[in-house]
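**Q** Heads up, the sequence shown stops at 335 in full-length UniProt numbering, and the numbers go up one at a time, no gaps. Glycine included, every Cβ here is placed at the ideal spot set by N, Cα and C.
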Amino acid sequence: MPLFPSTSSINTALTAPSSKKTENFWIRAPAESKGGIKLYSTDYYLACTLGGILACGPTHSAVTPLDLVKCRRQVNPTLYSGNFQAWRSIIATEGFGGIWTGLGATLVGYSFQGAGKYGFYELFKKQYADLVGEETAHNYRTSLYLAASASGEVIADVLLCPWEAIKVRTQTTIPPFATNVLDGYRKITATEGVAGLYKGLTPLWARQVPYTMVKFASFERTVEAIYDMLPKEKHEYSMLTQTGVSFLGGYIAGVFCAVVSHPADVMVSKINAEKQPGESVGAAVGRIYGKIGFSGLWNGLPVRIVMIGTLTGLQWLLYDSFKAAVGLPTTGGKK
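#1: Lys125 bridges to which residues according to DSSP?
#2: Threshold first: 4 residues or longer. Then list the alpha helix (DSSP H) segments lying entirely within the UniProt repeat "Solcar" (43-127), N to C.
#3: For the alpha helix (DSSP H) containing Pro162, name the first residue and the last one.
#4: At which residue ranges does the UniProt repeat "Solcar" (241-325) contain complete alpha helix (DSSP H) runs of 4 or more residues, listed in the order of the chain?
#5: In this structure, does DSSP put Lys232 in helix, strand or coil?
#6: Note the first and the last residue of the continuous alpha helix (DSSP H) segment covering Val181.
#7: Where DSSP assigns a beta bridge to Lys199, which residues make up the other side?
#8: Is there at least one Cβ from chain B nearer than 8 angstroms to Pro175's Cβ?
#9: Would you list the one or two residues that DSSP bridges to Lys215?
#10: Relative to the C-alpha of Tyr121, which residue among Arg72, Leu314, Gly254 and Ile155 is closest?
#11: Nearest to His262 by CA position, among Lys234, Trp298 and Leu248, is which residue?
#12: Do the segment 199-210 and the segment 150-165 meet, that is, are 3 or more Cβ pairs less than 8 angstroms apart?
#13: Mind reading off the beta-carbon distance from Val306 to Phe256? Whole number of angstroms is fine, and I expect it under 8 angstroms.
#14: Is Arg88 buried or exposed, if buried means 16 or more other CB atoms sit within 10 Å of its CB?
#15: Relative to the alpha-carbon of Tyr251, which residue among Phe219, Gly51, Gln276 and Val260 has its alpha-carbon at the smallest distance?
#16: How many angstroms separate the CA atom of Gly333 from the CA atom of Phe216?
#17: As a quick exercise: from Ser280, Leu131, Ala55 and Glu274, pick the residue whose alpha carbon is nearest that of Cys71.
#18: Could you check the C-alpha separation between Leu311 and Ala190 for me, to the nearest Å?
#19: Quick one: any contact between the segment 91-110 and the segment 172-186, if contact means 3 or more CB pairs under 8 angstroms?
#20: Would Ile188 pass as a contact of Ile174 if the rule is Cβ separation under 8 angstroms?
#21: Under a Cβ-count criterion, where at least 16 other Cβ atoms within 10 Å of its own Cβ denotes burial, should Ser8 be classed as buried or exposed?
Rendered as structure tokens:
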């Protein structure tokens with residue numbers, strides 16, 4: 001049977017010489033979790049996929065008010081002077097429900113994306129580790145995390161893109177472009193066809209793929225470092241402590257994610273809001289960059305750091321809590 005480094009034990013050989021194999025570093029494919037799910041089986045990947053949905057859909061939805069202000073300020077930096085002033089203004093003109101503009105598309109889109117992001121990450125991580133072999137996978141585990149997360153995110157973004165287009169178009173137009181996600185879908189496809197839902201796919205990849213690579217690789221290595229600093233082995237801690245480590249590692253990873261992906265995030269918002277009919281993505285990027293300049297690519301960064309840090313921490317907390325609930329090991333650190 002092929003061997004694969006489990007996310008719960010991927011780094012137990014961190015201090016061992018690279019020329020030696022460490023038994024605890026690997027979990028064999030036929031092994032079962034405490035909940036009876038065979039590791040790396042179809043049920044295992046389905047559980048990870050469901051965990052991704054639960055991790056991403058609700059968390060992105062919960063920060064819709066922050067996301068709304070961020071997107072509007074990216075498109076028009078002079079629109080609001082700050083978050084609280086923005087929320088007061090929106091509530092005054094659009095009602096309390098106005099700060100939740102784009103909620104439906106956010107919930108649908110990021111549930112799809114979470115399914116692909118986490119499910120395919122786990123799948124590609126195993127496949128790539130089997131491909132290169134045990135010792136190489138251990139010695140170059142950071143590269144393994146980067147490759148697996150990038151591959152998973154490419155697929156996840158295809159699932160996300162239509163709903164992200166509806167969300168951004170709805171959030172960045174005043175009054176909102178659509179009253180709900182289905183209304184937005186009908187309006188875009190009626191005027192631009194299905195292709196209109198995917199015009200932001202390339203910049204979405206440019207934003208999300210580096211973001212996810214940093215998110216997963218920095219999380220795995222951060223959690224590894226946290227457990228290395230703690231006095232006991234990972235398995236000696238309660239699940240509450242382990243999921244707390246997941247939250248902390250996720251929040252730290254989220255800060256890095258926000259900075260790396262922010263310029264592309266600004267451009268995605270601008271393209272979905274301002275791309276002209278018949279204009280290529282490259283031409284739109286050049287025109288928009290010519291207008292906002294390099295500094296304009298960083299509009300809204302402080303808000304996004306808070307939002308993405310919180311999001312990423314909560315996502316890893318929910319994902320690992322779900323894994324623990326079904327008997328699977330939590331992600332990262334020593335066995």
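**A** In short, the structure shows the following:
#1: Looking at the DSSP assignment, Lys125 forms no beta bridge with any residue, so it has no partner.
#2: 64-75 and 83-94
#3: Arg141 to Gln171
#4: 281-296 and 301-325
#5: coil
#6: Val181 to Glu192
#7: Per DSSP, none; premise fails for Lys199.
#8: Considering every chain present, this structure includes no chain B. It has just one protein chain.
#9: BP columns for Lys215 are empty, so no partner.
#10: Ile155
#11: Trp298
#12: yes
#13: At roughly 14 angstroms, the Cβ-Cβ gap does not stay under 8 angstroms, so Val306 and Phe256 are not in contact.
#14: exposed
#15: Phe219
#16: 13 angstroms
#17: Glu274
#18: 34 angstroms
#19: yes
#20: no
#21: Note that Ser8 has pLDDT 41, beneath the 50 cutoff, so the model's placement of it is unreliable and the number below is only indicative. When all chains shown are included, Ser8 counts as buried.
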